[in-house]
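Undergrad: First the structure, which I've put down as structure tokens, then a few questions once you've had a look.
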Ligand SMILES: Cc1cc2nc3c(=O)[nH]c(=O)nc-3n(C[C@H](O)[C@H](O)[C@H](O)COP(=O)(O)OP(=O)(O)OC[C@H]3O[C@@H](n4cnc5c(N)ncnc54)[C@H](O)[C@@H]3O)c2cc1C
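Have a look at this one:
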């Protein structure tokens, strides 16, 4: 019986629970005697709170507490910065003073005996302000760009002399791009249920990073982390908005302490646009110089992104520009635009998606100037090594992705001339773009327990916002232990489980997967150690080196006879579960030897109705080199989701801010457009065979982000091919195309 | 949400009596409840009219007759609708989502309130929601707003797709009041904002919409609805056009055109219609006629593109109607 679990298209192990309502999300962990909290947000975009008329509201039916900076406890707010918190600046201290820094900032929280009562009181609470006009438009002359204080992603980099090479280049492209602010808009709203028991706090809270939420709340309240427990077994979509611990979690804990009862706090859809991060609007300039035969001689990529005034949110906007292309002269520059807004945060493909939109669009422009097919242009500039780091790639299959994608898409039959392809009155455009995202591997740990019935329980803090962590980790454990999938039970989403990194940055499979594998090996080692030392065991006295695990049995090397099974070993050892934990982390020496990234090539077909300015995606093919694919079914689904996200970025998603008060005007799912089924045509994801022994023990690269990157530029490029008009802002909307 | 009482009524008389005591009708509740949850609407008494026997859909002579409580999905799928007024079916299916259409009524659709974002934000000025508080859109972000029929107090578009088609088709409606009934063109239901943008329709207090009647005619078979929007479905119109043509002997004898997304009420395009009569139904004639549509437009800072898009939408809708066999 050979268990081959990795690489198989298993269906989600939690699929049934999800579709039958058995999966419990944060807001569903209702507690006995629970009260309800509703956040009141600022209605000015900058200024000071003058007065809060709590008295009137406190008398309203069911109201138990009206908490504002006037009566909230002064919290410790000890220094704490997790991996997903900005390295510079200080997080918002909620209800600690009268300052309003951005529209929608929480200024009070109402606690009542029902949601209805709390909502009514929240609507009735009169707050007066000394308001000023905030600065929320990056193009506003009052915005002062600043260099990020720290972080590799933020550093300006240069090799050769890009400006001189640009000036001397026979063929050049220079273009500026403006990409809208986006909000994550997951289905599940942010929600926290907080319950104190003495000085211990339990939070059932939507989080992609429970151990960081535990540490952050402990730091805010000045208590030992061990006294905080965060529980989140399911996440109804995250896309990054639940990587940080936002003020509402603190508010729920404050409220629960104030009233001495468990308190449930769920943000409204509108509030999801205020204080829980967003993809920053970015302004970028790209300048390319090339020889007439299409060799890049200069690549300049300058970009800036919005941030708040109190924190520097830094993303990898220009990071791929150093290694995507072979080019002797490269200069990148990244600035932040502090404005009167909440701090942005990571959103699927953070930095890379925005930055590559600009560069991949510019490369496309260059291909037309040169008269070279855009795929061929990329082939001519494919680097042998990472020229920024001067390191070999651990693996790089970009050209294989192009070959596979082009074949599946039928790229060869493209007429290269803009406006040349038509379907009736529709203009047809084919566009292409590259995608890339780094292979992170952060320290992670996991625990495995083998039970007397021969099944295994596996635990890691982790999270599953949709990629299928439950399933893929079950596969890794089943494969490593040679057990059938149904003999493995993987649990996640508790801060008292072994610590893992954020469920973001496409690093869960690599980090947690490697830890699960290590923990499985550790429990096997533990069992073996016990077996050879146990007088009752048939392996008693054997040296540890003379036994091996074969198909879930501990057998003597060179002896075909199968040894005892897990069940026999655990039972033999007294029957109580045998447990082992282990950690995994990237080998620092290997990290210095290789540049590690996933790559992809995205091909799309759009139609443009030239009379009505309507762009519709007709089909898309993504080909990815993402290392070993643990579960092709989940991976395909993951990629399709990413492509849909990229479609939204290209044609729909845009949070519009009112310049007068910084209010997100379209903070409503009817007005903030994301693709619906009718917008999503046939999407294909293909994976090239890629073996990468360096990235991590499993050889996986992560897919979540790379699947979104590349889609938006491919669509923008296709719109150009269809129309001959280059729209350099996203999203591309009807009003951009009425002149084609 | 403000607490309210709910009274279920079984007859029109009961309904009207309840409304006379300050009750507010509720049918599908798809828009009213939504607005109540946000405290934009604050009725204290709701009158559930769903049990009233006004759910019929039938042909009377060449007319299509629709009870006010018929659901959007039922009307769209009904064979008589498809036979007599395919434009109505097409228009309904372009609106909202299948789930909403299963619940939403025809009467409620006509009385749905505007989708201006500021209307729904209690902390923003909105003359429609709170008279005298000012309009946040006119000097603000207004890309989705109206270019026709605006005043200095309001520029919100009327959101209903159905109303556009009904107005193009010269539909009439029958309403019931205390001790009387009256019928009038659907066109007369809608008001312009002027200085009273909070008054959106001409129903008298407590009047119940009972029935819609859509007269047939040779134009009805060549009739199409085009809804232009950035997302393929589940979005209100950026610009829309209903167009019905009666062509005989290669000449346009009758044309009915109304547009959505551009006016503070559904907008009949009489000048465009007049310009088409007697012309051959070709693109040149459509384009020449459609230019009349932008007569008197008043674009705001963010919606100049609608001035461009409006005639193009009409041209395409006419082309679509012209192609129908
Ligand atoms: C997300 C969303 C998207 C939508 N998209 C579209 C769209 O694209 N196109 C479109 O046209 N519509 C759209 N709609 C609006 C939808 O069609 C309306 O909400 C629906 O038709 C209202 O019908 P209802 O029966 O639910 O009305 P209700 O919510 O019950 O009532 C609405 C109003 O009508 C009054 N009323 C109801 N029936 C009567 C009657 N018989 N006599 C007198 N007064 C009455 C009520 O008092 C209330 O003021 C959308 C709605 C939503 C929520």
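Protein chains in written order, with the working numbering: chain A, 20 to 759; chain B, 16 to 340. Glycine residues also receive a C-beta, built at the ideal position from the N, C-alpha and C atoms. As the structure is a prediction and not an experimental result, all values here were calculated from the model.
1) Residue 263 of chain A to residue 228 of chain A, Cα distance in whole Å?
2) What three-state label does DSSP hand residue 301 of chain A in the structure shown?
3) For residue 640 of chain A, list the residues DSSP reports as bridge partners.
4) Cβ of residue 195 of chain B within 8 Å of any heavy atom in ligand 1?
5) Cα separation between residue 555 of chain A and residue 587 of chain A?
6) Buried or exposed: where does residue 582 of chain A fall if 16 or more other Cβ atoms within 10 Å of its Cβ makes it buried?
7) Buried or exposed: which applies to residue 605 of chain A, given that a residue is buried once 16 or more other Cβ atoms fall within 10 Å of its Cβ?
8) Just by C-beta distance, which residues in the region 108 to 123 of chain A are closer than 9 Å to chain D?
9) Secondary structure at residue 94 of chain B, three-state DSSP: helix, strand or coil?
10) Looking at the secondary structure, which residues open and close the alpha helix (DSSP H) in which residue 662 of chain A lies?
11) Given 8 Å as the limit, tell me if residue 112 of chain B has its C-beta closer than that to any heavy atom belonging to ligand 1.
12) Considering only DSSP beta bridges, list what residue 78 of chain A is partnered with.
13) Taking 9 Å as the CB-CB limit, is residue 340 of chain B close to chain A?
14) For residue 283 of chain A, which residues does DSSP report across the bridge?
15) Give me the subset of the region 622 to 634 of chain A whose CB atoms are less than 9 Å from a CB atom of chain B, sorted by chain position.
16) Check whether the region 189 to 197 of chain A touches the region 379 to 396 of chain A, taking contact to mean three or more Cβ pairs, one atom from each stretch, closer than 8 Å.
17) Can you tell me whether DSSP reads residue 125 of chain A as helix, strand or coil?
18) Could you tell me whether any Cβ in chain A is nearer than 9 Å to the Cβ of residue 160 of chain B?
19) Can you check whether the C-beta of residue 139 of chain B is within less than 9 Å of a C-beta belonging to chain A?
20) Does the beta-carbon of residue 240 of chain B, which I'm using as the reference point, lie nearer than 8 Å to any heavy atom of ligand 1?
21) Give, in chain order, every unbroken run of the beta strand (DSSP E) that is at least 3 residues long and sits entirely within the region 57 to 89 of chain B.
22) Are residue 174 of chain B and residue 252 of chain B close, meaning C-beta to C-beta below 9 Å?
23) Does residue 753 of chain A pass the burial test, meaning 16 or more other C-beta atoms within 10 Å, or should it be called exposed?
24) Any chance the CB of residue 288 of chain A is under 8 Å from a heavy atom of ligand 3?
25) Between B:154, B:82, B:240, B:217, which has its C-alpha nearest residue 203 of chain B's C-alpha?
26) Are the beta-carbon atoms belonging to residue 685 of chain A and residue 333 of chain A less than 9 Å from one another?
27) When you compare only the Cα positions, how much space is there between residue 717 of chain A and residue 25 of chain A?
28) Is residue 72 of chain A buried or exposed, if buried means 16 or more other CB atoms sit within 10 Å of its CB?
29) Name the one or two DSSP bridge partners that residue 114 of chain B has.
30) Just the C-alpha distance for residue 20 of chain A and residue 420 of chain A, rounded to the nearest angstrom, thanks.
31) Please name the residue or residues paired with residue 193 of chain A in a DSSP beta bridge.
32) For a cutoff of 9 Å on Cβ pairs, would you count residue 180 of chain B as touching chain A?
33) In terms of residue numbering, what span does the alpha helix (DSSP H) encompassing residue 426 of chain A cover?
34) Between the alpha carbons of residue 578 of chain A and residue 474 of chain A, how many angstroms are there, rounded?
35) Any heavy atom of ligand 1 closer than 8 Å to the beta-carbon of residue 91 of chain A?
36) Does ligand 1 have even one heavy atom less than 8 Å from the beta-carbon of residue 68 of chain B?
TA: For this structure:
1) Residue mapping note: residue 263 of chain A aligns to position 244 of the first chain, counting from 1. Residue mapping note: residue 228 of chain A aligns to position 209 of the first chain, counting from 1. Residue 263 of chain A and residue 228 of chain A have their alpha carbons spaced roughly 7 Å apart.
2) Your numbering for residue 301 of chain A matches position 282 in the first chain. Secondary structure at residue 301 of chain A: strand, using DSSP grouped into helix, strand and coil.
3) Position 621 of the first chain, counted from the first residue, corresponds to residue 640 of chain A. DSSP output for residue 640 of chain A lists A:622, A:703 as bridge partner(s).
4) The count along the second chain starts at 1 and reaches residue 195 of chain B at position 180. Outside the cutoff, so no.
5) Here the question's residue 555 of chain A lines up with position 536 in the first chain. Here the question's residue 587 of chain A lines up with position 568 in the first chain. Each residue's alpha carbon lies about 11 Å from the other.
6) Sequence index remark: in the first chain, residue 582 of chain A carries index 563 (1-based). Around the CB of residue 582 of chain A, 16 or more other CB atoms lie within 10 Å, so the residue is classed as buried.
7) Sequence index remark: in the first chain, residue 605 of chain A carries index 586 (1-based). It counts as buried.
8) In the structure shown, chain D cannot be found, because the protein chains are A and B.
9) Walking along the second chain from the start, residue 94 of chain B turns up at place 79. Looking at residue 94 of chain B - three-state DSSP - the assignment turns out to be helix.
10) Indexing the first chain from 1 puts residue 662 of chain A at position 643. Residue 662 of chain A -> alpha helix (DSSP H) spans 651 to 670.
11) Working through the second chain from its first residue, we reach residue 112 of chain B at position 97. The beta carbon of residue 112 of chain B sits closer than 8 Å to at least one heavy atom of ligand 1.
12) Taking the first chain and counting its residues from 1, the one referred to as residue 78 of chain A is at position 59. In the DSSP output, where bridge partners are listed per residue, residue 78 of chain A has none listed.
13) In the second chain, residue 340 of chain B corresponds to position 325, counting from 1. Here the model assigns residue 340 of chain B a pLDDT of 39, short of 50, so the residue's position is not dependable, and the following value carries that caveat. False, the Cβ-Cβ gap to chain A never drops below 9 Å.
14) Within the first chain, numbered from 1, the residue matching residue 283 of chain A stands at position 264. Paired residue(s): A:55, A:212.
15) Under the 9 Å Cβ criterion, the region 622 to 634 of chain A contributes 628, 630, 631, 632, 633, 634.
16) With the cut-off at 8 Å, the region 189 to 197 of chain A and the region 379 to 396 of chain A touch.
17) As a position in the first chain, residue 125 of chain A is number 106, starting the count at 1. Secondary structure at residue 125 of chain A: strand, using DSSP grouped into helix, strand and coil.
18) Along the second chain, read from residue 1 onward, the residue named residue 160 of chain B stands at position 145. Output row for residue 160 of chain B: interface = no.
19) As a working mapping, residue 139 of chain B is identified with position 124 in the second chain. So, interface residue.
20) Counting from 1 along the second chain, the entry for residue 240 of chain B is found at position 225. No, ligand 1 has no heavy atom inside 8 Å of this Cβ.
21) The region 57 to 89 of chain B contains these whole beta strand (DSSP E) runs: 60 to 63, 72 to 75, 78 to 82.
22) As a position in the second chain, residue 174 of chain B is number 159, starting the count at 1. As a position in the second chain, residue 252 of chain B is number 237, starting the count at 1. In contact: residue 174 of chain B and residue 252 of chain B (Cβ atoms closer than 9 Å).
23) Within the first chain, residue 753 of chain A is the residue found at index 734, counting from 1. Burial state of residue 753 of chain A is buried, judged by a 10 Å Cβ sphere holding 16 or more other Cβ atoms.
24) Ligand 3 is absent from the structure shown, which contains only ligand 1.
25) By 1-based counting over the second chain, the position of residue 203 of chain B is 188. The residue with the shortest Cα to Cα distance from residue 203 of chain B is B:217.
26) For the purposes of this step, residue 685 of chain A is taken as residue 666 along the first chain, with counting starting at 1. For the purposes of this step, residue 333 of chain A is taken as residue 314 along the first chain, with counting starting at 1. Not in contact: residue 685 of chain A and residue 333 of chain A (Cβ atoms no closer than 9 Å).
27) By one-based count along the first chain, residue 717 of chain A stands at place 698. By one-based count along the first chain, residue 25 of chain A stands at place 6. When rounded, the distance between both Cα atoms is 10 Å.
28) Walking along the first chain from the start, residue 72 of chain A turns up at place 53. Counting every other CB atom within 10 Å of its CB across the protein chains shown gives residue 72 of chain A a total below 16, marking it as exposed.
29) To locate residue 114 of chain B, count along the second chain from 1; it is residue 99. According to DSSP, residue pairing for residue 114 of chain B in a beta bridge does not occur.
30) What you label residue 20 of chain A is simply residue 1 of the first chain in a count that begins at 1. What you label residue 420 of chain A is simply residue 401 of the first chain in a count that begins at 1. Any answer about residue 20 of chain A is weak, because its pLDDT of 41 lies below 50 and its placement is not dependable; what the coordinates show is given next. Near 35 Å, if we compare the C-alpha coordinates of residue 420 of chain A and residue 20 of chain A.
31) Along the first chain, read from residue 1 onward, the residue named residue 193 of chain A stands at position 174. As a beta-bridge residue in DSSP terms, residue 193 of chain A pairs with A:306.
32) The count along the second chain starts at 1 and reaches residue 180 of chain B at position 165. At a cut-off of 9 Å, the C-beta of residue 180 of chain B has no neighbouring C-beta in chain A.
33) The residue you call residue 426 of chain A lines up with position 407 of the first chain. Under the DSSP assignment, residue 426 of chain A falls in the alpha helix (DSSP H) whose first and last residues are 417 to 428.
34) Against the first chain, residue 578 of chain A aligns to sequence position 559. Against the first chain, residue 474 of chain A aligns to sequence position 455. Roughly 25 Å between the two C-alpha positions.
35) Here residue 91 of chain A corresponds to residue number 72 of the first chain, with the count starting at 1. No - ligand 1 has no heavy atom lying nearer than 8 Å to the Cβ of residue 91 of chain A.
36) The residue labelled residue 68 of chain B in the question sits at position 53 within the second chain. The answer is no for residue 68 of chain B.
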